[in-house]
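For the sequence shown, full-length UniProt numbering gives the first residue as 1, with consecutive numbering after it.
Beta carbons are placed, not taken as given, at the ideal position from N, Cα and C, and that holds for glycine.
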Amino acid sequence: MSNSSIDSLQNETRVFPPSPEFAANSVADAGLYARAAENRLEFWAEQARDLHWHKPFTETLDWSNPPFATWFADGQINVAYNCLDRHVLAGNGDRVAFHWEGEPGDTRTVTYAELTAEVKKVANVLLSLGIEQGDRVAIYLPVIPEAVIAMLAVARIGAVHSVVFGGFSAESIRSRVDDASAKLVITADGGWRKGKVFPLKAAVDDALSAPGSSVEHVLVVKRGENAVDWTDGRDLWWHDQVEAAEPEHEAEAFDAENPLFILYTSGTTGKPKGILHTSGGYLTQAAFTHKNVFDLHPETDVYWCTADVGWITGHSYVVYGPLANGATQVLYEGTPDTPHPGRWWEIIEKYKVSIFYTAPTAIRSFMKLGRQIPQKFDLSSLRLLGSVGEPINPEAWIWYRDVIGAGTTPIVDTWWQTETGAIMISALPGITGAKPGSAQVPMPGIKIDILSEDGTRVDPPHGGLLVVSEPWPSMLRGIWGDPDRYQETYWSKFSAIEGNKYFAGDGAHVDADGDIWLLGRVDDVMNVSGHRLSTAEIESALVANPIVAEAAVVGAADEATGQAVVAFVILKSNQADAQTADEASALLRAHVAKTIGAIARPREIFIVAELPKTRSGKIMRRLLQDVAEGREIGDTTTLADTSVMQIISDRLK
Ligand code: WTA
Numbered sequence: 001m002s003n004s005s006i007d008s009l010q011n012e013t014r015v016f017p018p019s020p021e022f023a024a025n026s027v028a029d030a031g032l033y034a035r036a037a038e039n040r041l042e043f044w045a046e047q048a049r050d051l052h053w054h055k056p057f058t059e060t061l062d063w064s065n066p067p068f069a070t071w072f073a074d075g076q077i078n079v080a081y082n083c084l085d086r087h088v089l090a091g092n093g094d095r096v097a098f099h100w101e102g103e104p105g106d107t108r109t110v111t112y113a114e115l116t117a118e119v120k121k122v123a124n125v126l127l128s129l130g131i132e133q134g135d136r137v138a139i140y141l142p143v144i145p146e147a148v149i150a151m152l153a154v155a156r157i158g159a160v161h162s163v164v165f166g167g168f169s170a171e172s173i174r175s176r177v178d179d180a181s182a183k184l185v186i187t188a189d190g191g192w193r194k195g196k197v198f199p200l201k202a203a204v205d206d207a208l209s210a211p212g213s214s215v216e217h218v219l220v221v222k223r224g225e226n227a228v229d230w231t232d233g234r235d236l237w238w239h240d241q242v243e244a245a246e247p248e249h250e251a252e253a254f255d256a257e258n259p260l261f262i263l264y265t266s267g268t269t270g271k272p273k274g275i276l277h278t279s280g281g282y283l284t285q286a287a288f289t290h291k292n293v294f295d296l297h298p299e300t301d302v303y304w305c306t307a308d309v310g311w312i313t314g315h316s317y318v319v320y321g322p323l324a325n326g327a328t329q330v331l332y333e334g335t336p337d338t339p340h341p342g343r344w345w346e347i348i349e350k351y352k353v354s355i356f357y358t359a360p361t362a363i364r365s366f367m368k369l370g371r372q373i374p375q376k377f378d379l380s381s382l383r384l385l386g387s388v389g390e391p392i393n394p395e396a397w398i399w400y401r402d403v404i405g406a407g408t409t410p411i412v413d414t415w416w417q418t419e420t421g422a423i424m425i426s427a428l429p430g431i432t433g434a435k436p437g438s439a440q441v442p443m444p445g446i447k448i449d450i451l452s453e454d455g456t457r458v459d460p461p462h463g464g465l466l467v468v469s470e471p472w473p474s475m476l477r478g479i480w481g482d483p484d485r486y487q488e489t490y491w492s493k494f495s496a497i498e499g500n501k502y503f504a505g506d507g508a509h510v511d512a513d514g515d516i517w518l519l520g521r522v523d524d525v526m527n528v529s530g531h532r533l534s535t536a537e538i539e540s541a542l543v544a545n546p547i548v549a550e551a552a553v554v555g556a557a558d559e560a561t562g563q564a565v566v567a568f569v570i571l572k573s574n575q576a577d578a579q580t581a582d583e584a585s586a587l588l589r590a591h592v593a594k595t596i597g598a599i600a601r602p603r604e605i606f607i608v609a610e611l612p613k614t615r616s617g618k619i620m621r622r623l624l625q626d627v628a629e630g631r632e633i634g635d636t637t638t639l640a641d642t643s644v645m646q647i648i649s650d651r652l653k
């Protein structure tokens, strides 16, 4: 975040209480906090018992071997059964699970009964392809119902999915498939984005082209109708397989700690981390938070979370939380501005969306386009708005409430991470008065502290580091294949003080009312449009290009995307004259997009002769950030060569 937005955060004092009607009909009651405070573990056990357990648990938490936790470990559950069969058996099979809208305007309505029937067939397809409990299945799909069906079918048979966001490159698929030794990839021929079909199968083919891949089959959904290459014996059409599949499939019980999914996310090193989530605890917290934070009345609400299923928000708040709660949702394939900039508002009007959950970057981009666009549509069905992914600046918050929420809807600003699995900090909209820019209070049953570097508690108004002080049901269970990195990344920072503190990587401060304000990452992780990117990962993509000698990447404040990727690159000496700086920079921007994905493409690449380094050789990103944000350059006295910054800034003038 830029300094000015942090200032504006800290000066914000307005509070918006819920309307009396909203408060009166609230799903959550204030007693939740008291019950959680009285007996935290019993509180979570009570939430878990809202799910269907094939075998009830008797033990809630085992924390005897921190930081490795188990929750509800002697219980058995089937996650997909909880999201599907349970609702059908309760007589809600005709309820719409998804109003799906394709980008070109095609639509599908999927009821809970239909979704259940499809998932059963696909579960049988997976079994026929030899997928067993614990096997990993990679999913690389657009936002179409088959993406949800695939995830639930994998879950239903106790296998583990690893969804790879459809915007990622072949190289990113390859590293994820290899890291998890996936046996099967589920993809589509292509998907729709900005009025065009983008190929997906081709990227999978490319990713699997190296010999020795663990992948035995590729299951291909027909969506884009674009031409695809075919590897006989390996590739299978989804529709052929599903058509031939047995319709009945009984959901088997799996241990509560059976792995449910791996989701890769950026850390501070070049290699993405495979965050591992398991079944019972994850589903408990996803369902509990979804119901209470979004005040879900499943019989009447239409809920829309705009996240792609390739991100954790799509996992927890499109698939598992809402489906466990029997919600009716909107699922939309495309971009907000195709074919016109009011597409999202048109969808809200069309399906009478009542709960809407999106990211600040989207809100800011709509703000820029002007209120006249949403004002053309009837948004009166909306009664609750949510925000996730990055701090929301008060200006955007107020615009969101006034223009989208008719000046009346509560807004929940939800803080959480891929690692936390579900929402950790948020207002409960019928109970808490909302403060623009603050994520506010820990969820009932969640213990958060703000600590200084030495582990002492920081009191308002000072800022510090955000930690989770007690284990929580949907916490990550580890990093796939790398227990040491799990320990080191999240649990070592405060290991000298008593108790196990999960270090989130975010800075925060608490105000006099006890409300928490998030201040952005404190590590080398950037947040671009609410998506996590690692400076090290982009640097390693850059230096992998033969023209690059050295690279440094920083996240620079950006009005639209929160942060933007800015790179500083030293070319190899034989390259300096081979092309102009502009040509080199264009080539390298395209190279990063190809290597990682378009979201990682740097906004700017500066070709420089030197990089600022300390005497021990560490790049001083803070100084580069000053340059990237157009600020006066800060203290350079610790540089090995203090003239370097002068050279860089002269060159860029
Ligand atoms: C940031 C997304 C401020 C934060 C669910 C966190 C937020 C990272 C908020 C996780 C929020 C997420 N206010 N910052 N409401 N929500 N963040 O893993 O820096 O993609 O550490 O999970 O996003 O990003 P991730």
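Local conformation of P17 per DSSP, three classes: coil
Any non-hydrogen atom of ligand 1 within 7 Å of V388 CB: yes
Assumed close pair F288, L384 - CB separation to whole angstroms, cut-off 8 Å: Wrong, their Cβ atoms sit about 17 Å apart, outside the cutoff.
Uninterrupted beta strand (DSSP E) stretches inside the region 469-555 (no shorter than 3 residues): 502-510, 516-521, 525-528 and 531-534
Ligand 1 heavy atom lying under 7 Å from the CB of G321: no
Where W237 sits in the DSSP three-state scheme: strand
Backbone CA spacing between T13 and P460 [nearest angstrom]: 15 Å
Spatial neighbours of S2 in its chain, beta-carbon cut-off 8 Å, leaving aside the 5 residues before and after: For S2, the predicted model reports a pLDDT of 45, less than 50, meaning its position is unreliable and no value from the coordinates is stated.
Residue of N393, A286 and T535 minimising C-alpha distance to G314: A286
CB of N292 within 8 Å of CB of A28, strictly: yes
Residue span of the alpha helix (DSSP H) that contains W44, given as start and end: R40 to A48
Assigned exposure category for P17 - 16 Cβ within 10 Å defines buried: exposed
beta-carbon R532 near ligand 1 non-hydrogen atom, thresh 7 Å: yes
Coarse secondary structure for E146, derived from DSSP in three states: helix
Endpoints, alpha helix (DSSP H) assigned at G281: G280 to V293
Backbone CA spacing between residue 654 and A581 [nearest angstrom]: Only positions 1 to 653 of the chain appear in this structure, which leaves residue 654 out of reach.
Beta carbon of V548 nearer than 8 Å to that of V566: no
Alpha carbon of K501 to alpha carbon of D232, nearest angstrom: 51 Å
Member of A552, V143 and P444 whose CA lies at the smallest distance from the CA of F198: V143
Local conformation of L379 per DSSP, three classes: coil
Distance between beta carbons of A188 and V154, contact taken as under 8 Å: About 16 Å separates the two Cβ atoms, so there is no contact after all.
C-alpha gap between A640 and R601, whole angstroms: 30 Å
Within 8 Å, strictly: CB atoms of D449 and V467: yes
S64 burial status per 10 Å Cβ neighbour count (16 or more: buried): exposed
E101 burial status per 10 Å Cβ neighbour count (16 or more: buried): buried
Distance between D513 and S181 (C-alpha atoms, nearest Å): 49 Å
Span separating the alpha-carbon of S4 from that of Y282: Because the pLDDT of S4 is 47, which lies under 50, any placement of that residue in the model is unreliable, and the number read from its coordinates should be weighed accordingly. Near 37 Å, if we compare the C-alpha coordinates of Y282 and S4.
Alpha-carbon to alpha-carbon, P67 and W491: 7 Å
Exposed unless 16 or more other CB atoms sit within 10 angstroms - verdict on P374: buried
Unbroken stretches of the beta strand (DSSP E), 3 residues or longer, contained in the region 377-442: 384-388 and 411-414
Residue 715: CB within 7 Å of a non-hydrogen atom of ligand 1: Since the first and last residues shown for the chain are 1 and 653, residue 715 lies out of range.
DSSP beta-bridge partners of Y196: In the sequence under discussion, the amino acid at residue 196 is Lys, which differs from the Tyr named in the question. In DSSP, K196 forms a bridge with R193.
Residue closest to P298, alpha-carbon to alpha-carbon, out of F165, S643, I398 and D94: D94
Run of the beta strand (DSSP E) containing F68, from where it starts to where it stops: F68 to W71
For P339, three-class secondary structure by DSSP: coil
Backbone CA spacing between R631 and W304 [nearest angstrom]: 40 Å
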